[in-house]
Amino acid sequence: MNMDKKRIHLSPPHMGDKEFEFVKEAFETNWIAPVGPHVDMFEREFCEVTGARYAAAVSSGSAAIHLALILLGIQPDDEVICSTLTFAASANPIIYQRATPVFTDSEPGTWNMDCNCLENAIRDRIRKGNRPKAVIIVHLYGQSADMDPVMNLCNQYEIPLIEDAAESLGAYYKGKHTGTFGTFGVYSFNGNKIITCSSGGMLVSSEESLIKKAKFLATQARDPAPHYQHSHVGYNYRLSNVLAGIGRGQLRVLAERVQARRANFDFYKKELGGLPGIQFMPEAGFGRSNRWLTCLTIDPSRFGATREDVRLAFESENIESRPVWKPLHLQPFFQDCPYYGSGVAEELFDKGLCLPSGSNLTVEDLQRVVKVFRQVCQATPIQKKIR
Ligand SMILES: Cc1ncc(COP(=O)(O)O)c(C=O)c1O
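So the sequence shown is numbered by our numbering: it starts at 790 and just counts up by one.
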């Protein structure tokens, strides 16, 4: 590996000017706890930015999904439908509830949940006597799923919808923010996300009572009493006031971060889009992606090298890239779970690569990435012609 060159990371944190000020304020006021003014203000400001009605700041996106499932009453042996092309954290909380994930494939146009697969899954599970208790839809890599048909299906079959918008803060569907359509929306502020608190998450809903209950469960389910009184199992899932300060600073630069990530995508597309066998993740006409990660597929029969060849070439130049998520139905842990699809997600995994996408990449960084990518292309003149 070429360690002389500075490492280019996939999606590093990018602080603005205000975060440290808010953190200092937490120290100065001694609000060093999972409660405090930054937590309250972060929730309020998050609702203003996204248009969500009520929000609970929590310790991670995973915690937010878990709380959503608990509040929907997911029990052992229930089934919950989930996109297969996603990070394991989308489905792990289903397992925390001792329920079973049922995975559905992606559509090629958005890489998100294919509505036909969703409908097949719902019908078949009902036929088999196990009506799905919830759907978790993921807005992958910052692009909204096609929400109208999904919402219609969920309404028709009266199945509550959880939107995993962990990757899609700042992304819209028909002018409305992702994460604000379902019974619950979930966001992540993990270190690699478009904005970060180092770790953290947000659960949103248009039902105030649900968010009140989420906050109750997330603070160890303490009943009102002077002593410690508990009538439910509780969780330690609230966000620290110190980290909420970072989140407040980050929210102020969200629009700039989206702009920078979209500019990365445009740069890569302009520089690499003409190479044979390269296809960038499409952007559906119904929305606006935050382009959290720039992703593309590489057809080795035309490019003359595989996705893995490219990834390894990057690594040898100290550049981090990642294969597109391995579909969850292929993961050893989830391989016995039901799956409905026709291999779209599998092909995206096979050929897909995520390029360095940080909002703090310099032009030199971007040029370094492009140069290495071009060097790997071994397309013959014939392969180039059939582009
Ligand atoms: C799609 C998706 N869902 C859920 C999560 C979980 O979020 P967290 O890491 O904050 O628990 C992540 C990211 O980590 C994610 O990318």
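A virtual CB, placed ideally from N, CA and C, is assigned to each residue, including glycine.
Looking at ligand 1, does it come within less than 6 Å of residue i, judged from the CB to the closest heavy atom?
i     : result
E956  : yes
G850  : yes
T818  : no
N979  : yes
V927  : yes
A878  : yes
G805  : no
G990  : yes
T893  : no
D1139 : no
D829  : no
D903  : no
T875  : yes
D953  : yes
So residue i and residue j are in contact, right, with Cβ under 8 Å, and what is the actual spacing, rounded?
i     : j     : result
K922  : D867  : 4 Å
G968  : T839  : 6 Å
R1091 : K1140 : Incorrect: roughly 11 Å between the Cβ atoms, too far for contact.
V1047 : I1108 : Contact doesn't hold; Cβ gap of about 23 Å is too wide.
I797  : V869  : The pair is not a contact, with the Cβ atoms about 37 Å apart (cut-off 8 Å).
T972  : S998  : Contact doesn't hold; Cβ gap of about 12 Å is too wide.
F876  : W1114 : 6 Å
E1153 : K794  : Rounded, the Cβ-Cβ distance is 10 Å, inconsistent with contact.
R1027 : V824  : 7 Å
W1081 : S1146 : 7 Å
R1050 : S1131 : Contact flag wrong, Cβ pair sits at about 31 Å.
F1075 : Y962  : 6 Å
I883  : L858  : 7 Å
M991  : F835  : 6 Å
T889  : A1134 : 19 Å between Cβ atoms; not a contact.
N909  : Y1129 : 5 Å
A1007 : A878  : 17 Å between Cβ atoms; not a contact.
L942  : C904  : 7 Å
L1187 : V1099 : The chain is shown only over 790 to 1176; residue 1187 falls outside these bounds and no answer can be derived.
Mind checking who residue i pairs with in its DSSP beta bridge?
i     : result
R1077 : Y961
F1069 : L1085
T889  : E868
R1111 : C1143
Y1128 : F892
I925  : C871 and I951
M991  : A846 and Y976
I797  : I1108
M902  : S895
Which word fits residue i, buried or exposed, when buried means at least 16 other C-beta atoms lie within 10 angstroms of its C-beta?
i     : result
E832  : buried
E808  : buried
E996  : exposed
G862  : exposed
L1064 : buried
T899  : buried
S1020 : exposed
E956  : buried
N901  : buried
I854  : buried
A822  : exposed
G850  : buried
F1138 : buried
I948  : buried
V812  : buried
T1086 : buried
T1083 : buried
M792  : exposed
V1022 : exposed
P802  : buried
I911  : buried
N1030 : buried
L1024 : The sequence given here has Tyr at residue 1024, not Leu. It is buried - the Cβ of Y1024 has at least 16 other Cβ atoms within 10 Å.
E952  : buried
Any heavy atom of ligand 2 closer than 6 Å to the beta-carbon of residue i?
i     : result
R1051 : Ligand 2 is not part of the structure shown, which contains ligand 1 as its ligands.
> If you scan the segment 931-981 from start to end, which runs of the beta strand (DSSP E) of 3 or more residues do you find wholly inside it?
Replying inline: Qualifying beta strand (DSSP E) stretches, in chain order: 950-953 and 973-977.
>> Which complete alpha helix (DSSP H) runs does the segment 998-1050 hold, if anything under 4 residues is left out?
In response: 1030-1040
>> Which complete beta strand (DSSP E) runs does the segment 1136-1173 hold, if anything under 3 residues is left out?
In response: 1141-1144
>> Restricting to runs no shorter than 3 residues, where is the beta strand (DSSP E) found entirely within the segment 836-882?
In response: Restricting attention to beta strand (DSSP E) runs no shorter than 3 residues, the segment 836-882 encloses them at 843-847 and 868-872, ordered along the chain.
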